[in-house]
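Residue numbers (our numbering): 1301 to 1741.
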Ligand code: GLU
């Protein structure tokens, strides 16, 4: 059987880091097995789904290099869901119910007051045909609920291990709304079966859904796929991230200059017992990927980690991979290699190469301590005009040392600050070699 996974976002907003975790896990599982990865757009809600979000989802995944074998849209599969609904009706597992949200709320409050779990009481199952007809005449179509079999639902979860959920503790799920809209719980079951999904990996907020979906699949005579539920992300202090996910969209991270590979390496490893590895691409990342290394505890995510991880990615990147960025920064093509080779070790966002190029091209505003002013004036007088070469720095510092008697840190540090305007940066020999203008006070 071909390993087949899917990532199933609803196109109702932009993807965020939480979604990415799900997408990546499913992608890596399929990739490792040489299987199939499907992008499924859960767009059955016509009011909230938007084509521009569907486009944005694909764009964000493409930015990360997460490719898919095909796209499926739930909105194009409504006939299949209607057939499944008929099959559930025929099997006696589907019933219509007419309670209003307010009535349901009241029931729940009563149950809670009596110390009972707020599970739907199945009052609709006790309605006579006459009562149903009267409700239909008065309130129109009802919602359709799946009648759970009150037994324990058990499965071995790929991350959480052996799980057992008492179906009696769960309300019979609504699968079709009063307006006829098929809900995700049913659509997903039909899709997973029709599309031959072998592994479903999603967030642990779906555990109860999985329990009910296992029963729906059985009622439709479908075999259930393997399920795994990854933990949800929290902030660095363990605080809930769900409310902040809006600010952690993939587009925002991209705009902030986060390197795709840094994000992917991080996401493939946080929450697992494995260290972040220096995988060069998704293929390499998939080789070491294994769900069994992940735990059930909430996973801490700190967006600040992505800066250092991006810097690490840039350090290994060849100039050929950033030619567009180098051109955008104004670096002439013949200097692309050397400028990048020097700049890449000193940046955490590729756009920062523009700052280093500006420095090499125009020079910097010197950073000079009051007590070093005369020293720097003397040193600059000893520097010839460009072009400079590999040996300029050594020759110049030797001349300055001979003239001033300074050596070591008191010689090199003031020169670095005067030439680059910064306290830190690349080897000065490299800076001098690339410098296009003579520095002046
Ligand atoms: N559209 C669902 C969601 O985004 C998919 C869940 C699933 O993977 O089954 O939560």
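Quick reminder that beta carbons are idealized off the backbone N, C-alpha and C, glycines included.
#### Entry: Burial state of residue 1689 (16 or more Cβ within 10 Å)
Residue 1689 sits at position 389 when you count from the first residue of the chain shown. Exposed, by the Cβ-count rule.
### Query
Given that a residue counts as buried once 16 or more other Cβ atoms are within 10 Å of its Cβ, and exposed if not, what is residue 1728?
The sequence position of residue 1728 within the chain shown is 428, counting from 1. With 16 or more other Cβ atoms within 10 Å, it is buried.
### Query
Can you check whether the CB of residue 1472 is closer than 8 Å to the CB of residue 1463?
For the purposes of this step, residue 1463 is identified with residue 163 of the chain shown, where counting begins at 1. For the purposes of this step, residue 1472 is identified with residue 172 of the chain shown, where counting begins at 1. Going by C-beta atoms, residue 1463 is not nearer than 8 Å to residue 1472.
### Query
Residue range of the beta strand (DSSP E) that residue 1444 falls in?
As a first step, residue 1444 is located in the chain shown; it is residue number 144 there, counting from the start. From DSSP, the beta strand (DSSP E) with residue 1444 extends over 1443-1446.
### Query
Who pairs with residue 1462 in a beta bridge, going by DSSP?
On the chain shown, position 162 is the one that residue 1462 refers to. Bridge partners of residue 1462: 1456.
### Query
If we call anything under 8 Å between Cβ atoms a contact, is residue 1316 one with residue 1682?
Taking the chain shown and counting its residues from 1, the one referred to as residue 1316 is at position 16. Taking the chain shown and counting its residues from 1, the one referred to as residue 1682 is at position 382. No. Outside cutoff.
### Query
At what residue ranges does the stretch 1487-1526 contain a whole run of the alpha helix (DSSP H), taking only runs of 4 or more?
1507-1519
### Task
Count the other C-beta atoms from every protein chain shown that fall within 10 angstroms of the C-beta of residue 1710, then say buried if there are 16 or more, exposed otherwise.
Residue numbering aside, residue 1710 sits at position 410 when the chain shown is read from its first letter. Its Cβ having fewer than 16 others within 10 Å, residue 1710 is exposed.
### Beta-carbon gap between residue 1443 and residue 1422 smaller than 8 Å
As a position in the chain shown, residue 1443 is number 143, starting the count at 1. As a position in the chain shown, residue 1422 is number 122, starting the count at 1. No, these two residues do not count as a Cβ contact at 8 Å.
### Alpha-carbon to alpha-carbon, residue 1633 and residue 1312
Start at 1 with the first residue of the chain shown, and residue 1312 comes out as number 12. Start at 1 with the first residue of the chain shown, and residue 1633 comes out as number 333. So the alpha carbons of these two residues sit roughly 43 Å apart.
### For residue 1572, the three-state DSSP class (helix, strand or coil)
For the purposes of this step, residue 1572 is taken as the residue at position 272 of the chain shown. Residue state, collapsed to three classes: strand.
### Task
Give the secondary structure of residue 1338 by DSSP, where H, G and I count as helix, E and B as strand, and everything else as coil.
On the chain shown, position 38 is the one that residue 1338 refers to. Note: residue 1338 maps to strand in three-state DSSP.
### Message
Whole angstroms are fine: how far does the CA of residue 1583 sit from the CA of residue 1610?
### Response
Your numbering for residue 1610 matches position 310 in the chain shown. Your numbering for residue 1583 matches position 283 in the chain shown. Cα to Cα, residue 1610 sits roughly 19 Å from residue 1583.
### Message
Going by C-alpha to C-alpha distance, which of 1302, 1327 and 1496 sits closest to residue 1591?
### Response
Numbered from 1 along the chain shown, position 291 holds the residue referred to as residue 1591. Residue 1327 is the option with its Cα nearest to residue 1591.
### Query
If you compare alpha carbons, which of 1496, 1322, 1515 and 1346 is closest to residue 1391?
Taking the first residue of the chain shown as position 1, residue 1391 is located at position 91. It is 1515 whose Cα lies nearest to the Cα of residue 1391.
### Message
Using C-beta distances below 8 Å, list every residue in its chain close to residue 1700, excluding the 5 sequence neighbours before and after it, in chain order.
### Response
Taking the chain shown and counting its residues from 1, the one referred to as residue 1700 is at position 400. Taken in chain order, the residues that qualify are 1678, 1679, 1682, 1706, 1711 and 1715.
### Rounded straight-line distance, which links the Cα of residue 1657 to that of residue 1337
As a working mapping, residue 1337 is identified with position 37 in the chain shown. As a working mapping, residue 1657 is identified with position 357 in the chain shown. When rounded, the distance between both Cα atoms is 42 Å.
### Task
Output the residue ranges of the alpha helix (DSSP H) runs that lie fully inside the stretch 1575-1634 and measure 4 residues or longer, sorted by chain position.
1582-1587, 1605-1615 and 1623-1628
### Message
According to DSSP, residue 1410 sits in a beta bridge with which residue or residues?
### Response
Residue numbering aside, residue 1410 sits at position 110 when the chain shown is read from its first letter. Beta-bridge pairing links residue 1410 to no other residue.
### Message
Can you determine whether any heavy atom of the ligand GLU sits closer than 7 Å to the C-beta of residue 1470, and answer yes or no?
### Response
Working through the chain shown from its first residue, we reach residue 1470 at position 170. Residue 1470: no, Cβ never under 7 Å from the ligand GLU.
#### Entry: Beta-carbon proximity check, residue 1460 vs residue 1506, cutoff 8 Å
Along the chain shown, one-based indexing puts residue 1460 at 160. Along the chain shown, one-based indexing puts residue 1506 at 206. In this structure, residue 1506 does not lie closer than 8 Å to residue 1460 by Cβ.
### Message
In whole angstroms, give me the CA-to-CA distance for residue 1524 and residue 1617.
### Response
Sequence index remark: in the chain shown, residue 1524 carries index 224 (1-based). Sequence index remark: in the chain shown, residue 1617 carries index 317 (1-based). Looking at the two C-alpha atoms, the distance is approximately 43 Å.
### Query
For the alpha helix (DSSP H) that contains residue 1710, what are its first and last residues?
Here residue 1710 refers to the residue found at position 410 when the chain shown is read from its first residue. Start and end: 1709-1720.
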